[in-house]
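Undergrad:
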Amino acid sequence: MPGGATVLQAATNPERVEAPVTVKAYMLCVFASFGGIFFGYDSGYMNGVLGMNYFINLYTGIPIPAADASQATKDAFTLPSWQKSLITSILSAGTFFGAIIAGDLADYFGRRITIISGCGIFIVGVILQAASKSLGLLVAGRIIAGFGVGFVSAIIILYMSEIAPRKVRGAIVSGYQFCITIGLLLASCVVYATQNRLDTGSYRIPISIQFAWAIILAIGLFLLPESPRWYVKHGKLDQATKALARVRGQPQESPYIQEEIAEIIANHEYETELIPSQTWFGSWAACFSGSISNPQSNLRRTLLGISLQMMQQWTGVNFIFYFGTTFFKDLGTISNPFLISLITTLVNVCSTPISFWSIERFGRRPLLIYGALGMLICEFIVGIIGVAKPGDASVVKAQISFICIYIFFFASTWGPGAWVCIGEIFPIPIRSRGVGLSTASNWFWNCIIAVITPYMVGTDEANLGSKVFFIWGSTCVICFVYAYFLVWETKGLTLEQVDRMMEECGSPRRSAGWKPHSTFAAEMGLTQDGKLPVSTHEKIGHEQHHDVANSNAMQTTV
Numbered sequence: 001m002p003g004g005a006t007v008l009q010a011a012t013n014p015e016r017v018e019a020p021v022t023v024k025a026y027m028l029c030v031f032a033s034f035g036g037i038f039f040g041y042d043s044g045y046m047n048g049v050l051g052m053n054y055f056i057n058l059y060t061g062i063p064i065p066a067a068d069a070s071q072a073t074k075d076a077f078t079l080p081s082w083q084k085s086l087i088t089s090i091l092s093a094g095t096f097f098g099a100i101i102a103g104d105l106a107d108y109f110g111r112r113i114t115i116i117s118g119c120g121i122f123i124v125g126v127i128l129q130a131a132s133k134s135l136g137l138l139v140a141g142r143i144i145a146g147f148g149v150g151f152v153s154a155i156i157i158l159y160m161s162e163i164a165p166r167k168v169r170g171a172i173v174s175g176y177q178f179c180i181t182i183g184l185l186l187a188s189c190v191v192y193a194t195q196n197r198l199d200t201g202s203y204r205i206p207i208s209i210q211f212a213w214a215i216i217l218a219i220g221l222f223l224l225p226e227s228p229r230w231y232v233k234h235g236k237l238d239q240a241t242k243a244l245a246r247v248r249g250q251p252q253e254s255p256y257i258q259e260e261i262a263e264i265i266a267n268h269e270y271e272t273e274l275i276p277s278q279t280w281f282g283s284w285a286a287c288f289s290g291s292i293s294n295p296q297s298n299l300r301r302t303l304l305g306i307s308l309q310m311m312q313q314w315t316g317v318n319f320i321f322y323f324g325t326t327f328f329k330d331l332g333t334i335s336n337p338f339l340i341s342l343i344t345t346l347v348n349v350c351s352t353p354i355s356f357w358s359i360e361r362f363g364r365r366p367l368l369i370y371g372a373l374g375m376l377i378c379e380f381i382v383g384i385i386g387v388a389k390p391g392d393a394s395v396v397k398a399q400i401s402f403i404c405i406y407i408f409f410f411a412s413t414w415g416p417g418a419w420v421c422i423g424e425i426f427p428i429p430i431r432s433r434g435v436g437l438s439t440a441s442n443w444f445w446n447c448i449i450a451v452i453t454p455y456m457v458g459t460d461e462a463n464l465g466s467k468v469f470f471i472w473g474s475t476c477v478i479c480f481v482y483a484y485f486l487v488w489e490t491k492g493l494t495l496e497q498v499d500r501m502m503e504e505c506g507s508p509r510r511s512a513g514w515k516p517h518s519t520f521a522a523e524m525g526l527t528q529d530g531k532l533p534v535s536t537h538e539k540i541g542h543e544q545h546h547d548v549a550n551s552n553a554m555q556t557t558v
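1 is the number of the first residue of the sequence shown in UniProt numbering; add one for each residue after it.
#1: What span of residues does the alpha helix (DSSP H) with R509 cover, start to end?
#2: Nearest by alpha-carbon distance to T302: which of A393, L105, I428 is it?
#3: Which same chain residues end up closer than 7 Å to P353 when comparing Cβ atoms and leaving out the 5 residues on each side of it in sequence?
#4: Just mark W357 as buried or exposed, buried being the case when its beta carbon has 16 or more other beta carbons within 10 Å.
#5: Tell me the residue span of the alpha helix (DSSP H) that contains R433.
#6: On a Cα-Cα basis, can you pick out the residue from Y59, V481, A67 that is closest to S81?
#7: Please state whether the Cβ-Cβ distance between T241 and Q252 is less than 7 Å.
#8: By the 10 Å Cβ neighbour count, where 16 or more other Cβ atoms means buried, how is D199 classified, buried or exposed?
#9: Taking Cβ positions, are A450 and S89 nearer each other than 7 Å?
#10: Would you please state the rounded distance, in angstroms, between the beta carbons of Y45 and P206? I believe it to be under 8 Å.
#11: Measure the CB-CB distance between G146 and T95 and report whether it falls below 7 Å.
#12: Roughly how far, in whole angstroms, is the beta-carbon of L184 from the beta-carbon of T345, given that I think they are within contact range, below 8 Å?
#13: Using a 10 Å radius around the Cβ and a threshold of 16 neighbouring Cβ atoms, would you call K24 buried or exposed?
#14: Tell me the residue span of the alpha helix (DSSP H) that contains V149.
#15: Between F31, V387, G148, which has its C-alpha nearest F211's C-alpha?
#16: Chain C beta carbons: is any one of them nearer than 7 Å to that of E360?
#17: Could you tell me which of S283, I64, S208 sits nearest to V124, measuring between CA atoms?
#18: Take C119 as the anchor and find which of G383, A154, N318 has the nearest alpha-carbon.
#19: Give me the Cα-Cα distance between D529 and F31, rounded to the nearest whole angstrom.
#20: Count the other C-beta atoms from every protein chain shown that fall within 10 angstroms of the C-beta of M160, then say buried if there are 16 or more, exposed otherwise.
#21: Roughly how many whole angstroms lie between the Cα atoms of S291 and R300?
#22: Would C404 and V468 qualify as a contact pair, given that the criterion is a beta-carbon distance under 7 Å?
#23: Going by Cα to Cα distance, which pick from S511, G386, P508 is closest to L464?
#24: Near S466, what residues of its chain come up, given a Cβ to Cβ distance below 6 Å and the 5 sequence neighbours on each side ignored?
#25: Return the residue from the list I478, Y484, Q309 that minimises the CA-CA distance to V420.
#26: Mind pulling the beta strand (DSSP E) runs of 3 or more residues that sit fully within the region 383-416?
#27: Only counting the same chain, and skipping five residues up and downstream in sequence, which positions put a Cβ closer than 6 Å to that of A164?
#28: For H234, does the count of other Cβ atoms within 10 angstroms reach 16, so buried, or fall short, so exposed?
#29: For R166, does the three-state DSSP call read helix, strand or coil?
#30: Comparing C-alpha positions only, which one of G492, S33, M502, I471 sits nearest to L224?
#31: Using the three-state DSSP reduction, which class does G120 fall into: helix, strand or coil?
#32: Can we say the region 100-115 touches the region 433-442, given the rule of at least three CB pairs closer than 8 Å?
#33: Within the continuous alpha helix (DSSP H) that includes E360, where are the two ends?
#34: With distances taken Cα to Cα, identify the nearest neighbour of L304 among F319, C287, I320.
#35: Can you name, in chain order, every residue of its own chain whose Cβ lies under 7 Å from the Cβ of F480, other than the five neighbours on each side?
#36: Counting along the chain, where does the alpha helix (DSSP H) carrying W230 start and finish?
Here you go:
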């Protein structure tokens, strides 16, 4: 829109700030959640590959035991704990840095381009892994693939949160977790099919299938619109209106589109007054501004996002999905640990869709609180009965049953709930960096758990066995307390209304009762005709974009 007297129709009713949900709009938003398959498939296939006879023989040189070999010979036929730790954790290390870098790229180049770039980097990593026959090349491929997964996992949550309608945003972002579980299931099926091959196809087939996920997501993102909120941040209001019309399935002239874009603009102007345009370092510092005692401060929100993802990893679920096959194998009473791993993955897949309904029906807080309660009970039961009667076949069956119930609680609560929350709690000036830092926290703790777990349960190390579930049960107790005192209820609110709720509530425990009572558009200065002037905003947006470009150019010169 050219400068001058350009105006947008704006809403004064807080319930009239978003268009009704259409099937087309819903499907556009849902497709973006396909990125979760990256995360899930990689977690699942490496779990199985680490237990394959050919892979162990290739990387250790130990001969594959004969069927009549002694139990001691079979027990010795395993990857060393340090190799399991390195192979599993190195991807998470790459993903940690990828997620942090992605926040800057998404702000400057856009959400879509950053995700598509992540797909390209991921493909390079997959090529190196598929070509590997030695530890060095495999590790190099996994760390490069990790950067790509970091780009995708951080920005796909940001993108979905910014384009999804508020009434189904929780369900759509939960679809990301569902795609993670689908990825885990597909990986388990592929590994189950290739586990007995005695050639490089045993591990190269599971690795190479990942090409498909990257290509499908990249092509789909080319066809989807950019986030309207990114366009607003850069003062490109024409493109913002067109993009919003596409994701809402409405014409550009629709009052719904005009009112929602006016609310997004007004909120951005309000947040820009609180967090003015700054240098590159200043914009990162803005993520940590304010007092930790102030519930709506940027510092408090950033710490909330980082700690939410930390807590999700502390539930211990990735112990099952990363090392479940080798853990069940080490118990010595299970004839087919690959099948048990497949069953736990099926439970994960079937349980996650429950969150599509429950997260919008009951809200974010109740799911995280009661989900943590259910998990801690199951974890302690598994630990207690495993320690009471170690090596008992009937006890192991009971443990597997309670592990499946534990996975049910995770998949229907903390699995999707943590991702939904981090996409909703940040104001637009720091949203991309906030989500990036939160996702990086997920991968950091994912990496830490992947590093230390083999040493905790490995038969050549601490060999904790079932005792490890006392650790996960204790961390779930912390998750329960954390969710009660620190998690906000954001159900049914636009991202702009979430900002206002945090300002006015004062405590997460009171957030469930908060109702929107005004709009940013009304408070930022409607005209007498109910219009919101936007020419000033366009000017501000272009100036901010110019400042960022100059800042980047100066840093490049230095």
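Ideal placement from N, C-alpha and C gives every residue a C-beta, glycine not left out. What you are looking at is a predicted structure, and each value in this text was computed from that prediction instead of being measured.
TA: In terms of the structure at hand:
#1: Sequence index remark: in the sequence shown, residue 509 carries index 509 (1-based). Element bounds for R509: n/a, residue is neither H nor E.
#2: Here residue 302 refers to the residue found at position 302 when the sequence shown is read from its first residue. When each option's Cα is compared against that of T302, the closest is I428.
#3: For the purposes of this step, residue 353 is taken as the residue at position 353 of the sequence shown. Result list for P353: F178, in chain order.
#4: As a first step, residue 357 must be located in the sequence shown, where it is residue number 357. So W357 counts as exposed.
#5: Against the sequence shown, residue 433 aligns to sequence position 433. Start and end: 431-457.
#6: As a working mapping, residue 81 is identified with position 81 in the sequence shown. Here the closest residue by C-alpha is Y59.
#7: As a first step, residue 241 is located in the sequence shown; it is residue number 241 there, counting from the start. As a first step, residue 252 is located in the sequence shown; it is residue number 252 there, counting from the start. Cβ atoms of T241 and Q252: closer than 7 Å.
#8: Within the sequence shown, the letter at position 199 stands for residue 199. Exposed, because fewer than 16 other Cβ atoms sit within 10 Å of the Cβ of D199.
#9: Taking the first residue of the sequence shown as position 1, residue 450 is located at position 450. Taking the first residue of the sequence shown as position 1, residue 89 is located at position 89. The beta carbons of A450 and S89 sit closer together than 7 Å.
#10: As a working note, residue 45 is residue 45 in the sequence shown. As a working note, residue 206 is residue 206 in the sequence shown. That pair is a contact at about 4 Å.
#11: Start at 1 with the first residue of the sequence shown, and residue 146 comes out as number 146. Start at 1 with the first residue of the sequence shown, and residue 95 comes out as number 95. Yes; because the gap between Cβ atoms is below 7 Å, this pair is in contact.
#12: Numbered from 1 along the sequence shown, position 184 holds the residue referred to as residue 184. Numbered from 1 along the sequence shown, position 345 holds the residue referred to as residue 345. Sure, about 5 Å apart at Cβ, within 8 Å.
#13: Counting from one through the sequence shown, the residue named residue 24 turns up at place 24. Counting Cβ neighbours within 10 Å, K24 comes out exposed, since fewer than 16 surround it.
#14: The residue given as residue 149 occupies position 149 in the sequence shown. First-last of the alpha helix (DSSP H) with V149: 135-163.
#15: As a first step, residue 211 must be located in the sequence shown, where it is residue number 211. Shortest Cα-Cα distance from F211 to any of F31, V387, G148 involves G148.
#16: This model lacks chain C altogether, as it is built from one protein chain only.
#17: Taking the first residue of the sequence shown as 1, we reach residue 124 at position 124. Checking every option, the nearest Cα to that of V124 belongs to S208.
#18: What you label residue 119 is simply residue 119 of the sequence shown in a count that begins at 1. Comparing Cα positions, the closest option is A154.
#19: Taking the first residue of the sequence shown as position 1, residue 529 is located at position 529. Taking the first residue of the sequence shown as position 1, residue 31 is located at position 31. Low per-residue confidence applies at D529: pLDDT is 45, beneath 50, and the placement is therefore not dependable enough to give any value.
#20: Along the sequence shown, one-based indexing puts residue 160 at 160. M160 comes out buried.
#21: Reading the sequence shown from its first residue, position 291 is the one you call residue 291. Reading the sequence shown from its first residue, position 300 is the one you call residue 300. Roughly 7 Å separates the two Cα atoms.
#22: Position 404 of the sequence shown, counted from the first residue, corresponds to residue 404. Position 468 of the sequence shown, counted from the first residue, corresponds to residue 468. No; because the gap between Cβ atoms is not below 7 Å, this pair is not in contact.
#23: To locate residue 464, count along the sequence shown from 1; it is residue 464. The option with the nearest alpha carbon to L464 is G386.
#24: The count along the sequence shown starts at 1 and reaches residue 466 at position 466. G383, G386, V387.
#25: Counted from its first residue, the sequence shown places residue 420 at position 420. Taking only the C-alpha atoms, the option nearest V420 is Q309.
#26: none
#27: Here residue 164 refers to the residue found at position 164 when the sequence shown is read from its first residue. Around A164: C29, I172.
#28: For this step, residue 234 is matched to residue 234 along the sequence shown. Label assigned to H234: buried.
#29: Locating residue 166 in the sequence shown gives position 166, counting from the first residue. Three-state DSSP puts R166 in coil, outside helix and strand.
#30: Taking the first residue of the sequence shown as position 1, residue 224 is located at position 224. For L224, the nearest C-alpha among the options comes from S33.
#31: Numbered from 1 along the sequence shown, position 120 holds the residue referred to as residue 120. DSSP places G120 in helix when its eight states are reduced to three.
#32: yes
#33: As a position in the sequence shown, residue 360 is number 360, starting the count at 1. Counting along the chain, the alpha helix (DSSP H) containing E360 begins and ends at 354-361.
#34: Here residue 304 is taken as the residue at index 304 of the sequence shown, counted from 1. If we check each option's Cα against that of L304, C287 comes out closest.
#35: Here residue 480 refers to the residue found at position 480 of the sequence shown. So the list reads I369, A372, L373, L376, once near-sequence residues are dropped.
#36: Reading the sequence shown from its first residue, position 230 is the one you call residue 230. Run containing W230: 228-233, per the alpha helix (DSSP H) assignment.
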